[in-house]
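K.L.:
My structure is below; once you've seen it, I'll send some questions.
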Amino acid sequence: GWWMVSSGLVERTDVSQYRLATHLTLACAILAYVVWVAAGLRFRREAAPKAVRTVGILLLALVFLQIFLGGLVAGLDAGLASDTWPLMRGALIPDGLLIQEPWWRNLFENALTVQFDHRIVGYVVFVVALAHAWQTRGTTYSRRAMSLAILVTIQAALGIANVLAAVPIWLALVHQFGAVAVLAHAVTNLRAMLPAGEGTPAPVPAEA
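Each number in this note's numbering comes from the position in the sequence shown (counting from 1) with 774 added on.
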């Protein structure tokens, strides 16, 4: 946290987007681990089919990536780079995405590119969440997968609303809370699909 804050006390008055995104992602990783352990104490069932687990892992990884990108968006005020949807500055792929050299700097320092990436990964998360809900239909994993898909849909709608409303602080905070809810549910969803005890130490029985 101090590493992030200190970046805004020297040459710049705002914090580094790199450090903000790192701080946010680490905080979410800590939360995810706590949820993982707690869920492991609750679920005791057979493992889901490998294909279902693979999509669950992919979905969780994408959520983490999207959270990191969200940190970059916040650090660069990239939500203000384009205030239209579904187009950005009148195009599906706007001009100016690769104006910085070397090209990879655009992924982290070009506000327009960062918002574009956050949108694209958001679309991918949405599609994968829907596919996962469809994949698990009729199984014991269906309810959690469907709930996750609904949360992802709400979170996507909040993101669009932020863009159209020029990122008011209250709506941005709701969007951040939504990200935490999606992450926690993605962790619980995956944990419930693993064999009992896998990934979590077995609880120690209390002494008589």
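C-beta atoms are modelled at their ideal positions from N, C-alpha and C, and glycine is treated no differently.
Run through DSSP, which three-state label would Met920 get?
P.N.:
Looking up residue 920 in the sequence shown gives position 146. Helix at Met920.
K.L.:
With H, G and I counted as helix, E and B as strand and the rest as coil, what does DSSP make of Ala848?
P.N.:
Mapped onto the sequence shown, residue 848 falls at position 74. Reduced to three states, the DSSP call for Ala848 is helix.
K.L.:
Kindly indicate which residue of Val811, Ala852, Val902 has the alpha-carbon position closest to the one of Arg827.
P.N.:
In the sequence shown, counting from the first residue as 1, residue 827 sits at position 53. Closest by alpha carbon: Val902.
K.L.:
Does the segment 878-888 come into contact with the segment 851-870, if we say contact requires no fewer than three beta-carbon pairs (one atom in each stretch) closer than 8 Å?
P.N.:
At 8 Å Cβ cutoff, the stretches touch.
K.L.:
For Ala953, is the classification buried or exposed, using 16 other Cβ atoms within 10 angstroms of its Cβ as the cut-off for buried?
P.N.:
Taking the sequence shown and counting its residues from 1, one reaches residue 953 at position 179. The residue in question, Ala953, is buried, as its Cβ has 16 or more Cβ neighbours within 10 Å.
K.L.:
Any idea what DSSP makes of Ala982, helix, strand or coil?
P.N.:
On the sequence shown, position 208 is the one that residue 982 refers to. Confidence in Ala982 is poor, its pLDDT being 42 and thus under 50, which makes the residue's placement unreliable; the coordinate value appears in the next sentence. In this structure, Ala982 counts as coil in the three-state DSSP scheme.
K.L.:
Let's test the definition: count the other Cβ atoms within 10 Å of the Cβ of Thr962 and tell me whether it reaches 16, buried, or not, exposed.
P.N.:
Working through the sequence shown from its first residue, we reach residue 962 at position 188. Thr962 comes out buried.
K.L.:
Can you give me the start and stop residues for the alpha helix (DSSP H) that Tyr792 sits inside?
P.N.:
Here residue 792 is taken as the residue at index 18 of the sequence shown, counted from 1. Here the alpha helix (DSSP H) through Tyr792 covers 791-816.
K.L.:
Starting from the C-beta of Ala930, find all residues in its chain whose C-beta is less than 6 Å away, skip the five residues before and the five after it, and write them out in chain order.
P.N.:
Counting from one through the sequence shown, the residue named residue 930 turns up at place 156. Closer than 6 Å at the Cβ level, and outside the excluded window around Ala930, lie Gly896, Phe900.
K.L.:
Between the alpha carbons of Val926 and Ala946, how many angstroms are there, rounded?
P.N.:
For the purposes of this step, residue 926 is taken as residue 152 along the sequence shown, with counting starting at 1. For the purposes of this step, residue 946 is taken as residue 172 along the sequence shown, with counting starting at 1. Near 16 Å, if we compare the C-alpha coordinates of Ala946 and Val926.
K.L.:
Would Ala841 be called buried (16 or more neighbouring beta carbons within 10 Å of its own) or exposed?
P.N.:
As a position in the sequence shown, residue 841 is number 67, starting the count at 1. Per the sequence presented here, residue 841 reads as Ile, with Ala not at that position. Classification for Ile841: buried.
K.L.:
If you draw a straight line from the alpha carbon of Ala809 to that of Val956, how long is it in whole angstroms?
P.N.:
On the sequence shown, position 35 is the one that residue 809 refers to. On the sequence shown, position 182 is the one that residue 956 refers to. Correcting the residue identity first, residue 809 is Val in this sequence and not Ala. Roughly 12 Å between the two C-alpha positions.
K.L.:
Is Arg911 near the ligand ATP, going by C-beta to nearest heavy atom under 6 Å?
P.N.:
Among the ligands in the structure shown, none appear at all, so the ligand ATP cannot be discussed.
K.L.:
On the CB-based measure, 16 or more other CB atoms within 10 Å of its CB, does Gly830 come out buried or exposed?
P.N.:
Walking along the sequence shown from the start, residue 830 turns up at place 56. By the 10 Å Cβ count, Gly830 comes out buried.
K.L.:
Pro942 to Ala935, Cα distance in whole Å?
P.N.:
As a working note, residue 942 is residue 168 in the sequence shown. As a working note, residue 935 is residue 161 in the sequence shown. Distance between the alpha carbons of Pro942 and Ala935 is about 10 Å.
K.L.:
Assign Phe951 to buried or exposed, taking buried as 16 or more other Cβ atoms, counted over all protein chains shown, within 10 Å of its Cβ.
P.N.:
Position 177 of the sequence shown, counting from 1, holds the residue named residue 951. So Phe951 counts as exposed.
K.L.:
Under a three-way DSSP split, which group does Ala940 fall into?
P.N.:
Counting from one through the sequence shown, the residue named residue 940 turns up at place 166. Coil at Ala940, not helix or strand.
K.L.:
Taking the alpha carbon of Leu843 as the point to measure from, which residue in Ala801, Pro969, Tyr792 has its own alpha carbon closest?
P.N.:
Your numbering for residue 843 matches position 69 in the sequence shown. The shortest Cα separation from Leu843 among Ala801, Pro969, Tyr792 belongs to Tyr792.
K.L.:
According to the neighbour-count rule (16 or more other Cβ atoms, all chains shown, within 10 Å of its Cβ), is Thr910 buried or exposed?
P.N.:
Indexing the sequence shown from 1 puts residue 910 at position 136. So Thr910 counts as buried.
K.L.:
Kindly list the residues whose CB is nearer than 7 Å to the CB of Ala795, restricted to its own chain and excluding five residues on each side of it in sequence; keep chain order.
P.N.:
As a first step, residue 795 must be located in the sequence shown, where it is residue number 21. For Ala795, where only same-chain residues beyond five positions count, the Cβ hits under 7 Å are Phe842, Gly845, Leu846, Gly849.
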